[in-house]
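Below you'll find the structure, written out as structure tokens, and then a few comments.
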Amino acid sequence: MRNDPEPLSSAETRNLQRVAGMMVPASAEYDVPGADDPAIFADIVKSLGRDLPEVRKALAALNASAGGSFADADMAKAEAAAAALREAGGAPRAAIERAILQCYYRDDRVLRSLNIEPRPPFPKGHTLEQGDWSLLDAVRSRPKLWRDAPR
Amino acid sequence: MKRNDIVDVLIIGSGAAGAAVAWSLAETKMHILCLEQGDWMKPTDYPSNGRDWEARRWADFDISPNRRGRDTDYPVNDDNSLMKIANFNGVGGGTLFYTAHWPRLHPSDFRVKSLDGIADDWPIDYWSLEKFFEENDRMMGSSGLPGDPGVPPRNPPMPPIPLGRTGTRYGKVMNTLGWHWWPSDTTVATRDYEGRAKCINLGHCTPGCAQGAKASTDITYWPLAIRAGVELRTRCRVREITTNEHGMASGVIYYDREGQECFQPAEMVIVACNGIGTPRLLLNSASGRFPNGLANSSGLVGRNLMLHPWPQVRGYVEDELDGDRAPMTVLWSKQFYETDPNRDFVRGYTLQFARGTGVVNEAIQSAAADQLPWGQGHHDAYRSHLFHRLQVGIACDDLPEEHNRVTLDPVLKDSHGIPGARVDYTIGENTRRMMEHGIARATEILEAAGAKDIYTSRTLLNSPGHMLGTARMGTDPERSVVNPWGRSHDVKNLFIVDGSVWVTGGGVNPTSTIQAVALYIADQIKQRLANLFD
């Protein structure tokens, strides 16, 4: 049902890397790279998949707002273009945010900074504490809430 | 065209309803064949095996067939519907993808006209289904806690999922407000059960369970049905149901896994393709004798579609909670389920309390809600959200309206060239008022919990709609498609057993009731075998 589109051009790739870094910049405070980090960005480009057509629209919109190459625009123009993309919303914005964030938040360095072990859920799983079952005592004593109905 | 040997019973679709019917009918020793357009799924293929597990929910395990786009899927044009269509095509069908939340319809849901003066009554009632609910709970393996004053008595065979930090937090707040709550029934195994390993909290149960703790019919009903002699053929996509000179179903034409066109004759045809796939198939089976589609003399095939509008309200507290490190649903509340004459709507809704979401999904959803800034503020905002989420869903009753419907799309076709489905759906006024009432209550809950950054979504990002009502049951052939035991009014050896036969929608996840109804119909078939087609 899907037709695979052309991969991003080099100009589109430069635009995407710039917007990735603007969306999620590196942080010394949290000791994390930005989304334009080479390893993370390579994952982003490789993983565009179903989002590629809408990402391409978002990148075109950034160019249009910047009045030329978004990647080469000065910071004021680039920030204005990014703000315009967010303001416009819709599928292109959703796609570019998803494409960047889904790769950023699976990077080992980012996960470790969040105190999360970088691994798939299976087979180790997680532990879930029981919680406080005594809270239900107040509910058990209530009269029935459901209505019966004629048969 | 290849012609196969005739079978006694041909079931189309291997999901929640088709599997239950196949297993139930197996004891008759009839020759039963099920055709499934998808594949057997392998637990090793499920997303939670890999580091990209969250991203795959937006790709090959997306709940939308349109985005997923597997060659086993068929396209659904849902552009004219705020609620989007969710399904899965494979052995187990939608049970591979559901959240395993396991409520039942209430007794009052079967008597909407009598009790509340709108819509219609079902021709069957809760108590006729009770033993099938119980049987299904054993077969699927449900977990829960008896004694809930919010629902009729039931006896889940396994204990409930732990409350965890999140459930405890909700429980305290609900007690403060004086509102009903109870741990949700689920079909997640909380101990080893009938060959299934117990839940190890992989989170993200929705796109298949690698542990096999979540019940899906490929690991519950199907192994038993196959052992009892039922034949299940995968990658067989049915194009149309054929009829003979007597107006009876004679079999189906389908494409096998090599793409070869085949005719499969059958004495009886049972359709179990869900509330979208079933009307699609019936409409694609139009013929000279049935020009408006098969079983459609009432004109109601595809009409009265109900999708369960499902607003969500979420917020964030300071304490770290369970996040996605456990099954998603934790509690339900029936405080607002039944009609209250003091409200400006009839019927009601279930409040569903969710734990949270994963690392990636939190980022994507917060960004979509404009709660995750770009630039230097990003990291602080994100860290205040991750694993701090409370989220209350409002499962609204949906009532039948004929203009909400499924038709054949004039453009979209599946990989075999069979027309896809088109959905036209609007949310009714009664439901809209119900939604706003539920949103206000959910907001009260979150505020009482001290949540910040409260955000409301009236129709969720990538929200699923349950697919119900498009071949409704009833006693009047002019006002229904099938009779009270699932047989087509028009074609006496054609049965429909999935959510299409629902008369009203209720305010709960439907799978438990879909399967109870399917088992009820199978039981009716078994009791009437001597004169089934009279």
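In order, the protein sequences belong to chains C and A. So for the first sequence, this note's numbering puts the first residue at -8; every next one is plus one. So for the second sequence, this note's numbering puts the first residue at 80; every next one is plus one. Ideal placement from N, C-alpha and C gives every residue a C-beta, glycine not left out.
6 Å CB neighbourhood of residue i in its chain, flanking five on each side removed
i                  : result
Ile87 of chain C   : Val46 and Ala49
Arg82 of chain A   : Phe342
Gln450 of chain A  : Asp532
Asp34 of chain C   : Cys94
Phe140 of chain A  : Pro126 and Pro286
Leu540 of chain A  : For Leu540 of chain A, the predicted model reports a pLDDT of 44, less than 50, meaning its position is unreliable and no value from the coordinates is stated.
Ala82 of chain C   : Glu45
Glu616 of chain A  : What is shown of chain A runs 80 to 613, which leaves residue 616 of chain A out entirely.
Met(-8) of chain C : Because Met(-8) of chain C sits at a pLDDT of 47, beneath the cut-off of 50, its placement in the model cannot be relied upon, and the following sentence gives the value as read from the coordinates. For Met(-8) of chain C, where only same-chain residues beyond five positions count, there are no Cβ hits under 6 Å.
His467 of chain A  : Tyr395 and Val396
Closer than 7 Å at the beta carbon, the chain A residues around residue i
i                 : result
Lys135 of chain C : Pro228
Gly122 of chain C : Pro241, Leu242, Gly243, Arg244, Gly246 and Thr247
Thr4 of chain C   : Near Thr4 of chain C there are no residues of chain A at all, since even the closest Cβ is about 19 Å away, more than 7 Å.
Ala75 of chain C  : Neighbours of Ala75 of chain C on chain A: none; closest Cβ ~12 Å, over 7 Å.
Leu92 of chain C  : Val439, Ala442, Ile443 and Ala446
Same chain, Cβ closer than 7 Å to residue i, neighbours up to 5 away in sequence not counted
i                 : result
Arg558 of chain A : Ser377
Glu273 of chain A : Gly220
Arg133 of chain C : none
Lys277 of chain A : Ala268, Thr269, Arg270, Asp271 and Ala292
Val580 of chain A : Ala550, Arg551, Met552, Val561, Gly565 and Val596
Residues that residue i contacts on chain C, provided the C-beta gap is smaller than 8 Å
i                 : result
Arg275 of chain A : None at all; the shortest Cβ gap to chain C is about 15 Å.
Ser187 of chain A : Trp137, Arg138, Asp139 and Ala140
Glu417 of chain A : Leu136, Trp137 and Arg138
Gly250 of chain A : Gly122, Asp123, Leu126 and Leu127
Ser193 of chain A : Ala140 and Pro141
Gln290 of chain A : Phe113, Pro114 and Gly116
Lys413 of chain A : Leu136 and Trp137
Arg190 of chain A : Ala140 and Pro141
Own chain, CB closer than 8 Å to residue i, minus 5 neighbours either side, in chain order
i                 : result
Thr123 of chain A : Ala289
Thr522 of chain A : Val392, Ile533 and Thr535
Thr510 of chain A : Pro388, Phe424, Cys475, Asp476, Asp477 and Leu478
Neighbouring residues, chain A, relative to residue i (Cβ below 9 Å)
i                 : result
Ile31 of chain C  : Ordered by position in chain A, no residue passes the 9 Å Cβ test against Ile31 of chain C, which lies about 13 Å from the chain.
Ser38 of chain C  : Asp131, Ala134 and Ala138
Gly11 of chain C  : The displayed chain sequence assigns Ala, not Gly, to residue 11 of chain C. Ordered by position in chain A, no residue passes the 9 Å Cβ test against Ala11 of chain C, which lies about 10 Å from the chain.
Arg100 of chain C : In chain order: nothing, as chain A lies at least about 13 Å away.
Assumed close pair residue i, residue j - CB separation to whole angstroms, cut-off 8 Å
i                 : j                 : result
Val130 of chain C : Pro228 of chain A : 7 Å
Ile473 of chain A : Leu525 of chain A : That belief does not hold up - the Cβ atoms of Ile473 of chain A and Leu525 of chain A are roughly 12 Å apart, past 8 Å.
Ser295 of chain A : Leu379 of chain A : At roughly 31 Å, the Cβ-Cβ gap does not stay under 8 Å, so Ser295 of chain A and Leu379 of chain A are not in contact.
Gly223 of chain A : Pro239 of chain A : 5 Å
Trp132 of chain A : Pro112 of chain C : 6 Å
Leu362 of chain A : Gly372 of chain A : 4 Å
Arg84 of chain C  : Leu76 of chain C  : 6 Å
Gly586 of chain A : Gly427 of chain A : 6 Å
Met578 of chain A : Leu547 of chain A : As written in the sequence, residue 578 of chain A is Gly, which differs from the Met given in the question. Yes, they are in contact, since the Cβ atoms of Gly578 of chain A and Leu547 of chain A sit about 4 Å apart, within 8 Å.
Trp119 of chain A : Thr266 of chain A : Incorrect: roughly 19 Å between the Cβ atoms, too far for contact.
Pro225 of chain A : Arg233 of chain A : 7 Å
Contacts of residue i in chain C (Cβ-Cβ under 9 Å)
i                 : result
Ser222 of chain A : In chain order: nothing, as chain C lies at least about 13 Å away.
Asn128 of chain A : Pro111, Pro112, Phe113 and Pro114
His283 of chain A : Pro112
Beta-carbon neighbours of residue i, restricted to chain C and to distances below 7 Å
i                 : result
Gln455 of chain A : Pro16
Pro231 of chain A : Trp137
Arg146 of chain A : Arg41
Contacts that residue i makes with chain A (C-beta to C-beta distance below 8 Å)
i                 : result
Leu119 of chain C : Ile240, Pro241, Gly243, Asn280, Asp401, Arg404 and Ala405
Val46 of chain C  : Under the 8 Å cutoff, chain A gives no residues; its nearest Cβ is about 13 Å from Val46 of chain C.
Leu105 of chain C : Val438, Arg462 and Leu465
Arg131 of chain C : Gly226 and Pro228
Leu53 of chain C  : The premise fails here: Leu53 of chain C is roughly 12 Å from chain A at the closest Cβ pair, so nothing lies under 8 Å.
Glu79 of chain C  : First, the amino acid is wrong: residue 79 of chain C is Ala here, not Glu. In chain order: nothing, as chain A lies at least about 13 Å away.
Closer than 8 Å: residue i CB and nearest the ligand ATP heavy atom
i                 : result
Phe574 of chain A : The model depicted lacks the ligand ATP and carries no ligand whatsoever.
Report yes or no: do the stretch 183 to 201 of chain A and the stretch 164 to 173 of chain A share at least 3 C-beta pairs separated by less than 8 Å? no
Three or more C-beta pairs under 8 Å: does that hold for the stretch 207 to 217 of chain A against the stretch 482 to 495 of chain A? no
Inter-stretch contact (C-beta, 8 Å, three-pair minimum) for the stretch 598 to 613 of chain A and the stretch 502 to 513 of chain A: no
Please confirm if the stretch 302 to 320 of chain A is in contact with the stretch 103 to 117 of chain A, defined as three or more CB-CB distances below 8 Å between the two stretches. yes
What residues in the stretch 59 to 75 of chain C have a beta carbon less than 8 Å from any beta carbon of chain A? Ala73
Three or more C-beta pairs under 8 Å: does that hold for the stretch 382 to 402 of chain A against the stretch 432 to 446 of chain A? yes
Say whether the stretch 416 to 431 of chain A touches the stretch 547 to 557 of chain A, bearing in mind that this needs 3 or more beta-carbon pairs closer than 8 Å, one atom from each stretch. no
Using Cβ-Cβ distances below 9 Å, what residues of the stretch 204 to 218 of chain A are close to chain C? Within the stretch 204 to 218 of chain A, the qualifying residues are Asp204, Tyr205, Trp206 and Ser207.
Closer than 8 Å is the cut-off here; do at least three beta carbon pairs connect the stretch 451 to 469 of chain A with the stretch 324 to 344 of chain A? no
Under 8 Å (Cβ pairs) to chain C, residues found in the stretch 495 to 527 of chain A: Residues passing the 8 Å Cβ filter: none.
Listed from N- to C-terminal order along the chain, which residues in the stretch 252 to 263 of chain A have their beta-carbon within a distance smaller than 7 Å of any beta-carbon of chain C? Asn254, His259, Trp260 and Trp261
Count the C-beta pairs between the stretch 98 to 108 of chain C and the stretch 5 to 24 of chain C that are closer than 8 Å, then say yes if the count reaches three, no if not. yes
The stretch 57 to 69 of chain C / the stretch -3 to 9 of chain C touching (three or more Cβ pairs under 8 Å): yes
To be precise: take each residue of the stretch 341 to 372 of chain A, compare its Cβ to all Cβ atoms of chain C, and keep it if any distance is under 7 Å. Which residues remain? none
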